[in-house]
Amino acid sequence: MSTRRNFLKAALAATLVPRLSWADAGSPAFLGAAKDTNGDYALYGLDAAAQILFRAPLPARGHAAAAHPTKPEAVAFARRPGTFAVVVNCATGKITHRLDAPEGRHFMGHGLFVNDGALLVTPENNYAEKKGVLGIWDRAKNYARVGEVATHGIGPHDIRALSDGTLVVANGGIFTHPDIGEGRQKLNIDEMEPSLAYLSASFALEEKLVLAPELHQNSIRHLAIGADDQVAFAMQWEGDETEVVPLIGLHRRGEEVRLPEADLAEQYAMKGYAGSIAFAGDGSEVAITSPRGGRMHRFAPDGSFLGAVLRGDICGLAPMGEGYLGSDGFGALLALKEGMSPLNAVPGLAWDNHLVALPSLVA
Amino acid sequence: MRHLSAFCVSLGLSLALSVPLAPAMAAPLDEALSRAVNQHTIPAVDRFDVATAFLADVTEANCLPGNVKPAYDVAFDAWMGLQHLHMGPIEKNGRILAIAFWPDKKGMIPRTLSGYIADQDPVVETPEAFADASIAVRGLFALEYMLFDDQFDGYAEDSYSCHLVQAITHDLHRMAAEIKAEWNAPDGFAQTLLMAGEAPQPLYLSQEESVQALYTMLMASLENTKDQRIGRPIGTFDKPRPERAEARRSGRSERNVILQLEAARDLARNLAPGEMPLSEEAFAKTIALTEALNDPSFAGAGDPMGRLKIEIIGQNITGLMGNLANEVGAPLGVSAGFNSSDGD
């Protein structure tokens, strides 16, 4: 009997499971983590109209997720300095694998599938050596950890890929240690050097962008990729909170970086903090959110400021339609562009920092 | 700011057509919201309008510092009753910074004022032009330099500086009047708060969100007083920075802390669904400690004993916020924003 059962299991694994596609998960368009009124955390799948398709419980507070390009599989990461990530089967809502950061490493809340989904890469902090690394995990080997490479900066956070497979890593520049201040205390604010690192598909450093010295406390944290591989990055200012600094950067490889700002009063109202960044669904503009400032700022790809949309605690942001889908800590999911209109409001559900658009479904 | 008005229009249209609105809220929330809007925000908006009208009238008649200073204090007092409400018309069009540009870390105000005066910049000639002038020459802190700083306060009647002072006071009243109109209109911000999802210009999806927003203003304003009004002048033990105290030129540093605490207390009393004995005690103690400083410009921050006394006020504000969370936030079921209070 047991042999037969094992045989069936193997057969299922070999034939049925690989055939599952995102359609089997109800074709979600977005993923987002949230906390509910019981204090429980879960990863949610949302359809194109921001209605909840599935809920997969998480063991602790999440941050962002990485979606597999073809399989209905997402990896949800603990927020830093968490040491776990879970692979969720989005068709069943079940956790299929658990990834534990190796000794001396912790996750940063983000990750990315590369090589057509064969590998998962995870920005991590190697805190003994005070340097950032990418952990490499092999999906075909049940997500075994198969390697690790340098990100060429401290505190790597978000990671994205350009169309040719080049990886872009936001090295936030901030050093933390799990044993100090619950692992989130910033230990090197005076010596921060955030950077944007471009790594080849084989993980070799190809280009590194470092901001001007007076902006060395502007932590580069989150990324979005626009048309023609324009890289947009969102920053969080760790310097004097009364200084008004740029919070978005626009860069193309080999070109000068642009750091556009809104007018002084609007820029000040962002409170030195951009939580998420996304290009509009039609690629015509890019926006950053500030939950602290209660607003979203929109910019054209050339850097000109297009306007602000006000919404308290807004943070999560993803491309949707011609504009954006935004989320906040009050349970709202909003369609955003020049204005906003609510698509879904789940009282008691606090959406966490990020929404992830499923790449296969976004033009 | 064209985009903001466009935003309001599109928001009104889109909400009218979409989603179910949140269910009616339980009575305590409803009552807290009604009290906070009607008994706290509307009177505060009105006082600032009246006080700045007085300031503009006084200055129109006689622009010299000795004449304007008492009215300046009246206007600044009224602003302290309003400045914690970073919402709607008050934060629209960059008004908060245009009214109160502080802290001015890079010394933009004296530098820009000097430039305008040296160039006899014609922006003072019309209110429309002045409304577009640099925020460094507008508002209460530019006016403070003109009235209280010996680099600027020696001007004569009918001089450029005199016209500049008149332009600043008119501009302040213009903004106060706009805030009042936009707050109290039938489709104004008071209704946006009160009616939430059913308001003519909705911003909050439910009354709970409106209460949440007001509660956030309460807590953020106390935190701001602790971090900025207290935190900037005390600096560090080794390096106190009394020269960074808010409104020290007009000797209002201590007064502003007291008035801010009183404004927060008024908002808290209106929001609280029941008694708030611990918060009352903490407010009374913190205000009494501040009054006992007897140090109008926080110059005492420069010596260790004086610095310690000011620092203790900040510590009391932290304790006070804990009491408010228990006695106001918890019974209303609201807390600081999930993302805004703990980002990554």
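So the protein sequences, as listed, match chains V and A.
983 is the number that the numbering used here gives to position 24 of the first sequence; each next residue is one higher, with no gaps.
195 is the number that the numbering used here gives to position 188 of the second sequence; each next residue is one higher, with no gaps.
C-beta atoms are modelled at their ideal positions from N, C-alpha and C, and glycine is treated no differently.
This structure is a prediction, so every number in the text was calculated from the model and none was measured.
Problem set entry | Range covered by the beta strand (DSSP E) that runs through V:Arg-1257 | Looking at the DSSP string, the run of the beta strand (DSSP E) that includes V:Arg-1257 is 1254 to 1258.
Problem set entry | Nonlocal neighbours in the same chain, by C-beta distance under 7 Å from V:Lys-1090, ignoring five residues either side | Within the same chain, Ala-1109 and Ile-1113 come within 7 Å of V:Lys-1090 by CB-CB distance, once the 5 residues on both sides are set aside.
For this session: With V:Met-1229 as the anchor, note down where its alpha helix (DSSP H) starts and where it stops.
Result: That residue, V:Met-1229, is in no alpha helix (DSSP H); it is neither H nor E in DSSP.
Exercise. In terms of DSSP beta bridges, what is A:Asn-74 paired with?
Worked result: A:Asn-74 has no beta-bridge partner at all, per DSSP.
Exercise. Under 8 Å Cβ-Cβ, which residues of chain A neighbour V:Gly-998?
Worked result: Within chain A, no residue comes near V:Gly-998; the closest Cβ sits about 12 Å away, beyond 8 Å.
Problem set entry | Start-to-end residues for the beta strand (DSSP E) that takes in V:Glu-1062 | Where V:Glu-1062 is concerned, there is no enclosing beta strand (DSSP E), because DSSP gives it neither an H nor an E.
For this session: Would you kindly work out how many angstroms separate the C-alpha atoms of V:Asp-1187 and A:Phe-244, rounded to a whole number?
Result: V:Asp-1187 and A:Phe-244: Cα-Cα distance of roughly 52 Å.
Exercise. Between the beta-carbon of A:Asp-111 and the beta-carbon of A:Phe-148, is there less than 8 Å?
Worked result: Cβ atoms of A:Asp-111 and A:Phe-148: closer than 8 Å.
For this session: State buried or exposed for V:Pro-1082, treating a residue as buried only when at least 16 other CB atoms are found within 10 Å of its CB.
Result: V:Pro-1082 comes out buried.
Exercise. In terms of residue numbering, what span does the beta strand (DSSP E) encompassing V:Pro-1115 cover?
Worked result: 1115 to 1120 is the extent of the beta strand (DSSP E) around V:Pro-1115.
For this session: Taking V:His-1065 as the reference, give the member of V:Pro-1115, V:Ala-1026 and V:Val-1034 with the closest Cα.
Result: Out of V:Pro-1115, V:Ala-1026 and V:Val-1034, the CA that lies nearest to the CA of V:His-1065 is found in V:Pro-1115.
Problem set entry | 8 Å Cβ cut-off: residues of chain V touching A:Asp-37 | None at all; the shortest Cβ gap to chain V is about 16 Å.
Exercise. With 8 Å set as the bound, which would you pick, yes or no: does the beta-carbon of A:Gln-357 sit closer than that to a beta-carbon of chain V?
Worked result: Outside the displayed range of chain A (8 to 351) lies residue 357 of chain A, so it cannot be described from this structure.
Exercise. Any chance the segment 1036 to 1045 of chain V sits against the segment 1133 to 1150 of chain V, with 3 or more Cβ pairs inside 8 Å?
Worked result: Note that the segment 1036 to 1045 of chain V touches the segment 1133 to 1150 of chain V; at least 3 beta-carbon pairs, one per stretch, sit closer than 8 Å.
Exercise. Relative to the alpha-carbon of V:Arg-1014, which residue among V:Gly-1198, V:Ser-986, V:Leu-1218 and V:Cys-1049 has its alpha-carbon at the smallest distance?
Worked result: Closest in C-alpha terms to V:Arg-1014, from the list V:Gly-1198, V:Ser-986, V:Leu-1218 and V:Cys-1049, comes V:Cys-1049.
Exercise. Should the segment 105 to 124 of chain A be called in touch with the segment 204 to 217 of chain A, which here means at least 3 C-beta pairs below 8 Å?
Worked result: Contact fails: fewer than three Cβ-Cβ distances are below 8 Å.
Problem set entry | Cβ neighbour criterion (16 or more within 10 Å) applied to A:Leu-315 | That one is exposed.
For this session: Could you tell me whether the segment 310 to 325 of chain A touches the segment 70 to 84 of chain A, using the rule of 3 or more Cβ pairs below 8 Å?
Result: With a cut-off of 8 Å, the segment 70 to 84 of chain A and the segment 310 to 325 of chain A do not count as touching, because too few Cβ pairs lie within range.
For this session: With DSSP as the reference, label V:Gly-1307 as helix, strand or coil.
Result: In the three-state reduction of the DSSP assignment, V:Gly-1307 falls in the coil class.
Exercise. Chain V partners of A:Lys-112, CB-CB under 8 Å?
Worked result: Around A:Lys-112, the beta-carbon contacts reaching into chain V at under 8 Å are Asp-1199, Thr-1201 and Glu-1202.
Exercise. Residue ranges of each alpha helix (DSSP H) run of no fewer than 4 residues wholly in the segment 83 to 128 of chain A, ordered along the chain?
Worked result: Whole alpha helix (DSSP H) segments, 4+ residues: 95 to 98, 102 to 106 and 115 to 126.
Exercise. Is any beta-carbon of chain A found at less than 8 Å from that of V:Leu-979?
Worked result: Taking Cβ atoms only, chain A never reaches closer than 8 Å to V:Leu-979, which makes this a no.
For this session: Kindly list, in the order they appear in chain V, the residues whose Cβ is closer than 9 Å to that of A:Ala-220.
Result: Taking a Cβ-Cβ threshold of 9 Å, the residues of chain V close to A:Ala-220 are Gly-1253 and Gly-1271, in chain order.
Problem set entry | First and last residue of the uninterrupted beta strand (DSSP E) at A:Trp-190 | No beta strand (DSSP E) holds A:Trp-190; the alpha helix (DSSP H) holding it covers 167 to 191.
Problem set entry | C-beta atoms of A:His-91 and A:Asp-273 nearer than 8 Å | No, the Cβ-Cβ distance between A:His-91 and A:Asp-273 is not below 8 Å.
Problem set entry | Cβ shell of V:Ser-930 (< 8 Å), same chain only, five flanking positions each side left out | Within the shown structure, residues of chain V are numbered from 960 to 1322, placing residue 930 of chain V beyond reach of any answer.
For this session: Starting from A:Arg-239, trace the alpha helix (DSSP H) both ways and give me its first and last residue.
Result: For A:Arg-239, the uninterrupted alpha helix (DSSP H) run begins and ends at 238 to 241, by DSSP.
Exercise. Can you tell which of V:Tyr-1000, V:Leu-1146, V:Val-1127 and V:Gly-1076 has the C-alpha that lies nearest to the C-alpha of V:Thr-1135?
Worked result: Comparing Cα positions, the closest option is V:Leu-1146.
For this session: Indicate the three-state DSSP secondary structure (helix, strand or coil) for A:Ala-149 in the structure shown.
Result: It is helical.
Exercise. Would V:Val-1127 be called buried (16 or more neighbouring beta carbons within 10 Å of its own) or exposed?
Worked result: It is buried - the Cβ of V:Val-1127 has at least 16 other Cβ atoms within 10 Å.
Problem set entry | Any 3 or more C-beta pairs closer than 8 Å across the segment 1241 to 1249 of chain V and the segment 1274 to 1285 of chain V | Flag = yes, the segment 1241 to 1249 of chain V and the segment 1274 to 1285 of chain V touch.
For this session: Going by CA-CA distance only, name the one from A:Arg-145, A:Asp-53, A:Glu-230 and A:Leu-89 that's closest to A:Gln-173.
Result: Distance check between A:Gln-173 and each of A:Arg-145, A:Asp-53, A:Glu-230 and A:Leu-89 places A:Arg-145 closest, using alpha-carbon atoms only.
Problem set entry | Extent of the continuous alpha helix (DSSP H) to which V:Asp-1097 belongs | Here V:Asp-1097 belongs to no alpha helix (DSSP H); instead the beta strand (DSSP E) covers 1090 to 1097.
Problem set entry | Assigned exposure category for V:Val-1105 - 16 Cβ within 10 Å defines buried | By the neighbour-count criterion, in which a residue is buried when 16 or more other Cβ atoms sit within 10 angstroms of its Cβ, V:Val-1105 is exposed.
Exercise. Name the DSSP beta bridge partners of V:Glu-1107, please?
Worked result: According to DSSP, which records beta bridges pairwise, V:Glu-1107 is partnered with V:Gly-1094.
Exercise. Along chain A, which residues have their Cβ under 7 Å away from the Cβ of V:Lys-1141?
Worked result: Here the sequence assigns Glu to residue 1141 of chain V, which means Lys is not the residue at that position. For the C-beta of V:Glu-1141, not a single chain A residue is nearer than 7 Å; the gap to the nearest is close to 11 Å.
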